[in-house]
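Notes follow once the structure below has been shown.
Residue numbers (the numbering used here): 3 to 71.
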């Protein structure tokens with residue numbers, strides 16, 4: 003089983019490296035609201051452009067965090 007899933011498992015370091023790179027590289031300072039897969043900018047799924055879904059997720063997030071009763 004391990005031989006099958008091991009190519010898809012990353013260490014904490016491997017998972018963090020792209021995030022650290024994107025957060026600390028000045029060339030990304032003016033970029034906001036974009037989706038990245040590892041080091042590459044990609045178009046996010048079509049569901050992410052659904053404004054009704056965005057509002058519903060935001061509202062539910064506010065409820066579960068206790069910021070909205």
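Glycine residues also receive a C-beta, built at the ideal position from the N, C-alpha and C atoms. Since the model is a prediction, treat every value here as computed from it, not as a measurement.
Measure the beta-carbon distance from residue i to residue j and round it to whole angstroms, keeping in mind my assumption that it falls under 8 Å.
i: residue 64; j: residue 55; result: Going by Cβ atoms, the distance from residue 64 to residue 55 rounds to 15 Å, so no, they are not a contact pair.
i: residue 20; j: residue 38; result: 7 Å
i: residue 41; j: residue 23; result: 7 Å
DSSP state of residue i, grouped into three classes?
i: residue 38; result: strand
i: residue 17; result: helix
i: residue 3; result: coil
i: residue 69; result: coil
Name the one or two DSSP bridge partners that residue i has.
i: residue 44; result: 37
Which residue's Cα is closest to the Cα of residue i: the options?
i: residue 35; options: 44, 28 and 27; result: 44
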